[in-house]
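Undergrad:
Chains as they are written, first to last, in this note's numbering: chain A, 5 to 267; chain B, 5 to 267.
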């Protein structure tokens, strides 16, 4: 069984509520940790979360190193993470600017290198998140866990790790191999499910248990790699806005309890 | 420059025409090789293609080893390939039946093993096609070139190889590495392009040059691995049905001429 206190609600799951209501609903539901996205923040968010007694597991997102102005924006993201008390800034690394994936990967590595001292000074760990390969053209040239781990290892720093998101990595035939070598490098673990059929490349994700990801198996591998931190539930699907919020959060808690059980 | 006679039109690109018209249009356009899909065939297709003086580069598809009745259907696919004179039967290997990807991969390997003697007797090579990981839940548990090559190598047979489809593999950070070890194992090479944005998981493919795949680079890697056979243009996109067929085929020929050029 998974300790229920490890549940963190990634607030993109309830983006339709807005941060203030999401914080209130989480408190009422007994969910003690949240992970906001930057567009949900205003000047009052850190105080609001703190006053509600909630912890923050990560801030999403920095990255997009292949875009103009990335350095300034990423330092702001670190500032915001530090203000929230988020131990991890999730990096969505950015797509290639043309057809050259190798060049994009080089640009990304250089961007992380420039950001790292600033993140370390602020006590924020950079979490390199490999995205699903279907997102390579629009969001990230880093699309496998193996590549993200190799990139993280280059820096040999406690302030760089990877984000293992079940949705993005479950298909990989090398997953077991890579997780077996990931000790000390997992900065965050995200769960949701892969629906069959999947009809949307970004927002077609399912609640845990509704798809084909063997979450108990993946969770066991992540734990075997030594990760014992927060587990974020991040489900991006507009259909969730149709569910009454308290019902949705109760459902998420119930499903979360089963991600560590034998199937 | 690519020898234009290496162009084979995968007939899914013009599925809206039907096989008879597609054959006629190819002949008129000076395209000498085609690759049909099984649903396009009737009892007269082999004669029709032969009488038009066209060669066949492959038949799509066998596989779906995780489905009931796969063995019988796959032997029929081999029969059809042999009748067409198709040297290769493309294998789309099938999705997991539940959440167990390892089990699906084992089932797939066993299915290929059972089919192989029949294929060899008929002079048909089985081409294991890794599909894009976004197709894992609905079409194939084999989603990386590395995995397809490892599977093909197990059989150590001239009648098993892999299909390198640019669309399915271009994102892979290990692509160069795997192609460098693929000598003798490439049974077919397919080209199209990855559009940005991509809005459909199956039928959102682009004509060569309209997307972000560095086709000259990939073509050079495939050729360096010793592949000098037909190159199939396979573009699955309903928008192509809106283009006058002769115009579409002329456009495809022009774009094909550039897939071997420096970018």
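We treat Cβ as the ideally placed atom computed from N, Cα and C, and that holds for glycine.
(1) What's the C-alpha gap between residue 79 of chain A and residue 39 of chain A?
(2) Suppose you measure from the CA of residue 179 of chain B to the CA of residue 20 of chain A; what does that come to, to the nearest Å?
(3) Can you give me, in chain order, the residues of the stretch 207–227 of chain B that have a beta carbon less than 7 Å from any beta carbon in chain A?
(4) Taking the C-alpha atoms as reference points, what is the distance between residue 192 of chain A and residue 233 of chain A?
(5) Got a sec, what are the start and stop residues for the beta strand (DSSP E) residue 14 of chain B sits in?
(6) Taking a Cβ distance cut-off of 8 Å, strictly less, list which residues of the stretch 127–142 of chain B are near chain A, in chain order.
(7) So which of A/177, A/201, A/215 has the shortest CA-CA distance to residue 195 of chain A?
(8) By the DSSP assignment, the beta strand (DSSP E) with residue 165 of chain B in it spans what residues?
(9) Taking only the alpha-carbon atoms, compute the straight-line gap between residue 185 of chain A and residue 229 of chain A and give it to the nearest angstrom.
(10) Closer than 7 Å, Cβ to Cβ, to anything on chain A: give me those residues from the stretch 166–191 of chain B, in chain order.
(11) Does the count of Cβ pairs from the stretch 68–84 of chain B and the stretch 109–123 of chain B closer than 8 Å reach three?
(12) Quick check on the DSSP output: the beta strand (DSSP E) that includes residue 193 of chain B runs from which residue to which?
(13) Taking only beta-carbon positions, decide if residue 144 of chain A is within less than 8 Å of chain B.
(14) Quick one: is residue 206 of chain A buried, meaning 16 or more other Cβ sit within 10 Å of its Cβ, or exposed?
(15) Determine, using beta-carbon pairs with one atom in the stretch 68–78 of chain B and one in the stretch 94–107 of chain B, whether at least three such pairs fall under 8 Å.
(16) Check each residue of the stretch 144–159 of chain A: if its Cβ is closer than 7 Å to any Cβ of chain B, include it; give the result in chain order.
(17) Out of curiosity, what's the CA-to-CA distance linking residue 13 of chain B and residue 235 of chain B?
(18) Can you tell me where the alpha helix (DSSP H) with residue 230 of chain B in it begins and where it stops?
(19) At 4 residues or longer, what runs of the alpha helix (DSSP H) sit wholly inside the stretch 199–251 of chain A?
(20) Is the Cβ-Cβ distance between residue 105 of chain A and residue 132 of chain A less than 8 Å?
(21) Listing by chain order, which chain B residues have their CB less than 7 Å from the CB of residue 95 of chain A?
(22) Identify the continuous alpha helix (DSSP H) that holds residue 53 of chain B and give its terminal residues.
(23) Pull up the distance between the alpha-carbon of residue 251 of chain B and that of residue 227 of chain B, whole angstroms please.
(24) Which residues mark the beginning and the end of the alpha helix (DSSP H) in which residue 115 of chain A is found?
(25) Is there a Cβ of chain B sitting closer than 8 Å to that of residue 242 of chain A, yes or no?
(26) Whose C-beta lies closer than 8 Å to the C-beta of residue 31 of chain B among residues of the same chain, with five residues either side of it excluded?
(27) Could you tell me the distance, in whole angstroms, from the CA atom of residue 113 of chain B to the CA atom of residue 88 of chain B?
(28) Which residue comes first and which comes last in the alpha helix (DSSP H) that contains residue 64 of chain B?
(29) Could you tell me the distance, in whole angstroms, from the CA atom of residue 219 of chain A to the CA atom of residue 49 of chain A?
(30) Keeping to the same chain, check which residues put their C-beta closer than 7 Å to that of residue 174 of chain B; ignore five residues upstream and five downstream.
(31) For residue 37 of chain B, write down the residues that DSSP places opposite it in a beta bridge.
(32) Residue 247 of chain B to residue 24 of chain B, Cα distance in whole Å?
(33) Taking the straight line between their C-alpha atoms, what separation do you get for residue 35 of chain B and residue 62 of chain B?
TA: This is what the structure holds:
(1) By 1-based counting over the first chain, the position of residue 79 of chain A is 75. By 1-based counting over the first chain, the position of residue 39 of chain A is 35. Their Cα atoms are separated by approximately 19 Å.
(2) Working through the second chain from its first residue, we reach residue 179 of chain B at position 175. Working through the first chain from its first residue, we reach residue 20 of chain A at position 16. Distance between the alpha carbons of residue 179 of chain B and residue 20 of chain A is about 40 Å.
(3) For the stretch 207–227 of chain B, the set of positions with a beta-carbon nearer than 7 Å to some beta-carbon of chain A reads 216, 217, 218 in chain order.
(4) Taking the first chain and counting its residues from 1, one reaches residue 192 of chain A at position 188. Taking the first chain and counting its residues from 1, one reaches residue 233 of chain A at position 229. Near 7 Å, if we compare the C-alpha coordinates of residue 233 of chain A and residue 192 of chain A.
(5) Here residue 14 of chain B refers to the residue found at position 10 of the second chain. Note, residue 14 of chain B: beta strand (DSSP E), 11–14.
(6) Result list: 136, 137, 138, 140, 141, 142.
(7) Taking the first residue of the first chain as 1, we reach residue 195 of chain A at position 191. The shortest Cα separation from residue 195 of chain A among A/177, A/201, A/215 belongs to A/215.
(8) Locating residue 165 of chain B in the second chain gives position 161, counting from the first residue. Where residue 165 of chain B is concerned, the enclosing beta strand (DSSP E) stretches over 164–169.
(9) Numbered from 1 along the first chain, position 181 holds the residue referred to as residue 185 of chain A. Numbered from 1 along the first chain, position 225 holds the residue referred to as residue 229 of chain A. Looking at the two C-alpha atoms, the distance is approximately 7 Å.
(10) For the stretch 166–191 of chain B, residues whose beta-carbon sits nearer than 7 Å to a beta-carbon of chain A comprise 175, 177.
(11) With the cut-off at 8 Å, the stretch 68–84 of chain B and the stretch 109–123 of chain B touch.
(12) As a position in the second chain, residue 193 of chain B is number 189, starting the count at 1. Note, residue 193 of chain B: beta strand (DSSP E), 190–195.
(13) Taking the first residue of the first chain as 1, we reach residue 144 of chain A at position 140. With a threshold of 8 Å between beta carbons, residue 144 of chain A makes no contact with chain B.
(14) Position 202 of the first chain holds residue 206 of chain A. The C-beta of residue 206 of chain A has fewer than 16 other C-beta atoms within 10 Å across all chains shown, which makes the residue exposed.
(15) Flag = yes, the stretch 68–78 of chain B and the stretch 94–107 of chain B touch.
(16) Flagged, chain order: 147, 148, 151.
(17) Along the second chain, read from residue 1 onward, the residue named residue 13 of chain B stands at position 9. Along the second chain, read from residue 1 onward, the residue named residue 235 of chain B stands at position 231. Linking residue 13 of chain B to residue 235 of chain B through their CA atoms gives a straight-line distance of about 8 Å.
(18) One-based indexing of the second chain puts residue 230 of chain B at position 226. First-last for residue 230 of chain B: undefined, no H or E at that position.
(19) Correct list: 219–228.
(20) Taking the first residue of the first chain as position 1, residue 105 of chain A is located at position 101. Taking the first residue of the first chain as position 1, residue 132 of chain A is located at position 128. In terms of Cβ geometry, residue 105 of chain A and residue 132 of chain A do not form a close pair [threshold 8 Å].
(21) Along the first chain, read from residue 1 onward, the residue named residue 95 of chain A stands at position 91. Under the 7 Å cutoff, chain B gives no residues; its nearest Cβ is about 16 Å from residue 95 of chain A.
(22) As a first step, residue 53 of chain B must be located in the second chain, where it is residue number 49. Note, residue 53 of chain B: alpha helix (DSSP H), 49–55.
(23) Along the second chain, read from residue 1 onward, the residue named residue 251 of chain B stands at position 247. Along the second chain, read from residue 1 onward, the residue named residue 227 of chain B stands at position 223. Their Cα atoms are separated by approximately 29 Å.
(24) Residue 115 of chain A sits at position 111 when you count from the first residue of the first chain. Counting along the chain, the alpha helix (DSSP H) containing residue 115 of chain A begins and ends at 105–125.
(25) As a working note, residue 242 of chain A is residue 238 in the first chain. No, residue 242 of chain A lies away from the interface with chain B (no Cβ there is under 8 Å from its Cβ).
(26) Counting from one through the second chain, the residue named residue 31 of chain B turns up at place 27. 56, 57, 58, listed in sequence order.
(27) Against the second chain, residue 113 of chain B aligns to sequence position 109. Against the second chain, residue 88 of chain B aligns to sequence position 84. Straight across, the Cα-Cα distance linking residue 113 of chain B with residue 88 of chain B is about 26 Å.
(28) As a working note, residue 64 of chain B is residue 60 in the second chain. Under the DSSP assignment, residue 64 of chain B falls outside any alpha helix (DSSP H), being part of the beta strand (DSSP E) whose first and last residues are 63–67.
(29) Numbered from 1 along the first chain, position 215 holds the residue referred to as residue 219 of chain A. Numbered from 1 along the first chain, position 45 holds the residue referred to as residue 49 of chain A. Pairing residue 219 of chain A with residue 49 of chain A, the inter-Cα distance amounts to about 32 Å.
(30) Numbered from its first residue, the second chain carries residue 174 of chain B at position 170. Excluding sequence neighbours, residue 174 of chain B sits near 198, 217, 222.
(31) In the second chain, the residue the question calls residue 37 of chain B occupies position 33. The secondary-structure analysis by DSSP pairs residue 37 of chain B across a beta bridge with B/12, B/59.
(32) As a first step, residue 247 of chain B is located in the second chain; it is residue number 243 there, counting from the start. As a first step, residue 24 of chain B is located in the second chain; it is residue number 20 there, counting from the start. Going from the Cα of residue 247 of chain B to the Cα of residue 24 of chain B covers about 18 Å.
(33) Taking the first residue of the second chain as 1, we reach residue 35 of chain B at position 31. Taking the first residue of the second chain as 1, we reach residue 62 of chain B at position 58. Roughly 15 Å between the two C-alpha positions.
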